[in-house]
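Here's the structure, in structure tokens; my notes come after.
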């Protein structure tokens, strides 16, 4: 099973409705492809973890890279995992910007990764989810 985590910048001015559409499309597409994962939006970036069969994960990631709503898309990690870390989540999500919820990105990643069974996977996702972007 492949787990791929990427980060991307969001095109400026993307509405909350557009974000909800992205999430709905992700859930539908991922369910059909047997993909589970997590999508976080912090107001200016997406962090997403995808897991499933190698070909399916790579196909989803290729479509994300072609999506004009994402730019500066980059892989943070790509690794083989023995079993799903996101259970049956077709796409767990946090779309509200941290400044709107009053929650900093560290607390948000802590909350979102708490249900993940593997402590190593939790640590890994928290680490990549809070890493600063290079200029």
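Residue numbers (the UniProt record's numbering): 1 to 135.
For glycine and all other residues, C-beta sits at the position ideal for the given N, C-alpha and C.
Source: prediction; values computed, not measured.
Residues near residue i in its chain [Cβ-Cβ closer than 6 Å; skip 5 each side]
i: residue 36; result: 51, 84, 86 and 89
Three-state class that DSSP yields for residue i in the structure shown
i: residue 7; result: strand
i: residue 85; result: coil
i: residue 63; result: helix
i: residue 38; result: strand
i: residue 23; result: helix
i: residue 28; result: helix
Cutoff 7 Å; reference residue i; Cβ partners in own chain excluding five residues on either side
i: residue 61; result: 4, 6 and 50
i: residue 99; result: With a pLDDT of only 44 at residue 99, under 50, the local geometry of the prediction cannot be trusted, and no value is derived from it.
i: residue 13; result: none
Close-in-space but distant-in-sequence residues of the same chain around residue i (CB under 8 Å, 5 per side omitted)
i: residue 15; result: none
i: residue 74; result: 6, 7 and 8
i: residue 34; result: 52, 53 and 56
i: residue 82; result: 1
Nearest residue (CA-CA) to residue i, options the options
i: residue 45; options: 54, 72 and 33; result: 72
i: residue 41; options: 2, 68, 1 and 11; result: 11
i: residue 143; options: 70, 21 and 20; result: This structure cannot settle anything about residue 143, because the visible part of the chain is limited to 1 through 135.
Item to complete: Count the CB pairs spanning the region 71-80 and the region 25-34 that are closer than 8 Å, and state whether there are at least three.
Response: no
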